[in-house]
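In what follows, a structure is listed as structure tokens, so that the remarks can point back to it.
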Amino acid sequence: MRNRVREQRAQRGLSQADLAAALGVSRQTVISIENGRYLPSLPLAFRIARFFEVPVDKMFDPDDEEAGT
Amino acid sequence: VKISVPARLRVPLAYGLAGAILAAAWLVRGGATWWFAIIVVVSVAPRVFVVYRRGGRDSDEGALAGSRVDERQQEIRVRAQALTGIVTMIAAFVGLTVEIAIKGPAWWAFLVIFAVGALGYVFGLQQYGTAGEGVPDGEDAGDDEPFPVGR
Numbered sequence: 207m208r209n210r211v212r213e214q215r216a217q218r219g220l221s222q223a224d225l226a227a228a229l230g231v232s233r234q235t236v237i238s239i240e241n242g243r244y245l246p247s248l249p250l251a252f253r254i255a256r257f258f259e260v261p262v263d264k265m266f267d268p269d270d271e272e273a274g275t
Numbered sequence: 245v246k247i248s249v250p251a252r253l254r255v256p257l258a259y260g261l262a263g264a265i266l267a268a269a270w271l272v273r274g275g276a277t278w279w280f281a282i283i284v285v286v287s288v289a290p291r292v293f294v295v296y297r298r299g300g301r302d303s304d305e306g307a308l309a310g311s312r313v314d315e316r317q318q319e320i321r322v323r324a325q326a327l328t329g330i331v332t333m334i335a336a337f338v339g340l341t342v343e344i345a346i347k348g349p350a351w352w353a354f355l356v357i358f359a360v361g362a363l364g365y366v367f368g369l370q371q372y373g374t375a376g377e378g379v380p381d382g383e384d385a386g387d388d389e390p391f392p393v394g395r
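One line per chain: the protein sequences are G and A, in this order. Using the numbering used here, read the first sequence as starting at 207 and increasing by one per residue. Using the numbering used here, read the second sequence as starting at 245 and increasing by one per residue.
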């Protein structure tokens with residue numbers, strides 16, 4: 207499942223540590239999500255989408271199986 | 245009375261407590277091998293310090309050692325614990341069968357470990373899974389046909 211977390215974070219000029227602190231997760235988890243190695247839970251996915259003010263289905267594309275677990 | 249242990253101290257304290265209990269067991273046993281208790285203390289003490297220091301690192305291992313995991317690290321821990329359980333059960337089963345085959349004296353110890361593991365698995369199913377599956381409603385109510393074999 208492809209996601210746009212890295213793209214959105216870069217647009218806002220945030221570091222992975224900044225985003226991690228804002229979401230209440232570790233920097234390693236932000237890295238894993240951006241790399242598609244970890245699929246966040248539904249609550250965390252909504253937190254990410256709300257943080258970037260992007261609909262959750264725009265932030266995470268279930269039709270793209272290129273990356274993800 | 246509720247005792248609150250700071251998160252970063254929990255894992256190191258658990259290591260230290262386990263080491264202290266093991267050392268005490270050697271002392272209680274007494275005899276010529278009482279000094280094994282000293283070896284346990286000397287081995288465990290540096291490990292406690294290492295785990296405490298690791299708990300301050302900005303890494304997955306640091307989060308696990310410092311008891312400040314997020315959901316992904318929690319999943320890592322649960323998977324690692326599950327693997328530990330599986331490996332322990334396999335080791336206990338192999339030990340049990342070997343001890344039985346060679347008429348060894350320790351077969352019952354392996355049996356106890358295997359039985360406790362099996363009971364833990366059944367308890368886990370009850371606690372986290374099958375007890376919470378709920379009952380079907382609407383069109384599914386009363387649909388208790390067996391799941392087809394081969395699917």
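The beta-carbon is built from N, C-alpha and C at its ideal position, and this holds for glycine as well.
Leaving aside the five residues that flank Thr341(A) on each side, none in its chain has a CB nearer than 8 Å to its CB.
As the crow flies, the alpha-carbon of Ala350(A) is around 33 Å from that of Val295(A). Taken in chain order, the whole alpha helix (DSSP H) runs of length 4 or more contained in the stretch 304-381 of chain A are 304-309, 315-345, 351-368. Assigned with DSSP and collapsed to three states, Phe391(A) falls in coil, not helix or strand. Each of Arg208(G), Asn209(G), Leu225(G) was checked against the Cα of Arg215(G), and the nearest Cα belongs to Leu225(G). The closest CA to that of Asp304(A), considering only Ala251(G), Arg256(G), Val236(G), Glu240(G), is found on Val236(G). By the rule that beta-carbons nearer than 8 Å mark a contact, Ser311(A) does not touch chain G. Neighbours of Ala307(A) in chain G, taken as residues at a C-beta separation under 7 Å, are given in chain order as Ser232.
Cβ-Cβ distances below 7 Å link Leu308(A) to Gln317, Arg321 in the same chain, with the five nearest sequence neighbours on each side left out; the list follows chain order.
Neighbours of Gln317(A) across chain G, judged by C-beta separation under 8 Å: Ser232, Gln234, Thr235. Cβ contact annotation for Arg291(A) (same chain, cutoff 8 Å, sequence separation greater than five): Tyr259, Gly263, in chain order. Going by DSSP, Met265(G) is part of the alpha helix (DSSP H) stretching over 262-265. Leaving aside the five residues that flank Glu240(G) on each side, the residues in its chain whose CB is nearer than 7 Å to its CB run, in chain order, Val211, Arg212. Separation of the CB atoms of Gly300(A) and Ala251(A) is rounded to 11 Å, and the pair is thereby denied contact status at 8 Å.
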